[in-house]
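Please read the structure below before turning to the comments.
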Amino acid sequence: MATLVTIAVALVLAEVLRLARRPGRARGVLLQLVGRRPDPDVDDLTLADRVRSELGPVLKQLDLPHVHVMVVDHVAQLHGDVRWPRDAAAIERAVRRVSGVRDVQAHLHRGLLPSDTRPSRGRAVPRPPSRVKQRLVEAASSSGLEPQDAEAFVRATLAVFTARLPEDERRQLVAHLPEDVRLPLRRTTLPDVSGMRTVDQLVDVISSAAGPGISCDAPSVGAVLGEVRRAVPEEALDVVAVLPRELGDLWSDGAER
């Protein structure tokens, strides 16, 4: 019996030493051993680090790439790509186990293909842009923008326009876009646009989001939205139904403006 206890203690010490380079994780193991949980009353930055530490082994086991973690008022916000819904469920369960997490907002899309390179096989080889992204950039470039500015204009246009949609419809629309179009939308921070009703208001917000020196007018916005509409024909009528008339008209016939 004494021998078994000695072996168990040795294994525990070995695990703690292995985690010595990750103090937060090691502390969590020690607290679990003594029947305690980490203090839930911590700031959001500390809690975000705690969530990332918990996710590390899960992502390694699932062989998934990095998941972006942000915590606001103890609500964990997750962004990333998975292969199966069960992967997303496993990630969300792991985050909910973290002491201090009050809720989880998981934006985990099924964007990984069987052919995509996983972390276990090294760095992924960049893929060429999707045809939808190419058409969007070409539409923006038609107004005279350089390719880099055209990409920023497309990102701003889609981010502002989709932010004006009700959340359910926004998720439906974005989910139909290819990965290289939808992922950049997560990185664009916008003001509240729920009261936006006119094309002039839309153009003003897009101009601010696109950045200085990038020209923006209704025809160029309409050209980009026309390409989006062609890319998601199954959502076209649903989008019109939830927009004010002026914005709905721009969405419906923007390519002809």
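Under the working numbering, think of the first position of the sequence shown as 106, with each following residue one higher.
Glycine residues also receive a C-beta, built at the ideal position from the N, C-alpha and C atoms.
Classification of residue i by the beta-carbon crowding that lies within 10 angstroms, buried from 16 upward
i             : result
glutamate 332 : buried
glycine 318   : exposed
glycine 327   : buried
threonine 262 : buried
arginine 191  : exposed
serine 325    : buried
threonine 267 : buried
arginine 207  : exposed
arginine 302  : exposed
leucine 150   : exposed
leucine 342   : exposed
alanine 194   : exposed
glutamate 251 : exposed
Short Cβ contact (8 Å threshold) for residue i with residue j
i             : j             : result
valine 344    : proline 283   : no
leucine 260   : leucine 290   : Position check: residue 260 holds arginine in this sequence, whereas leucine was assumed. Going by C-beta atoms, arginine 260 is nearer than 8 Å to leucine 290.
valine 209    : alanine 181   : yes
glutamate 340 : histidine 281 : yes
leucine 152   : valine 176    : yes
glutamate 274 : valine 347    : yes
valine 308    : valine 298    : no
arginine 155  : glycine 205   : yes
glycine 316   : alanine 255   : no
valine 265    : alanine 323   : no
Member of the options whose CA lies at the smallest distance from the CA of residue i
i            : options                           : result
valine 163   : Ala255, Ile196, His179 and Ala153 : Ile196
valine 286   : Gly161, Asp208 and Leu330         : Leu330
leucine 167  : Ala268, Asp208, Trp189 and Glu340 : Trp189
glycine 185  : Val203, Leu213 and Ser204         : Leu213
leucine 241  : Val337, Ala346 and Pro349         : Val337
leucine 278  : Trp356, Arg302, Ala255 and Val206 : Trp356
leucine 270  : Pro349, Lys165, Val187 and Asp354 : Pro349
leucine 169  : Pro145, Arg335, Val203 and Arg215 : Arg215
leucine 288  : Pro234, Asp178 and Pro252         : Pro234
arginine 335 : Ala323, Asp322, Asp358 and Ser320 : Asp358
proline 145  : Glu159, Val187, Gly161 and Val203 : Val203
glycine 353  : Gln253, Ser312 and Val304         : Val304
alanine 253  : Asp178, Ser320 and His179         : It is worth fixing the name first, because residue 253 is glutamine in this sequence and not alanine. The shortest C-alpha separation from glutamine 253 is found at Ser320.
valine 187   : Gln306, Ala211 and Gln239         : Ala211
- Message: Which complete alpha helix (DSSP H) runs does the region 135-215 hold, if anything under 4 residues is left out?
- Response: 149-167 and 190-201
- Cβ pair count under 8 Å reaching 3, the region 189-205 against the region 238-246: no
- Ranges of the alpha helix (DSSP H) found wholly within the region 278-346, counting only runs of at least 4: Those alpha helix (DSSP H) runs which fall completely within the region 278-346 and span 4+ residues are 284-287, 304-315, 323-336 and 341-346.
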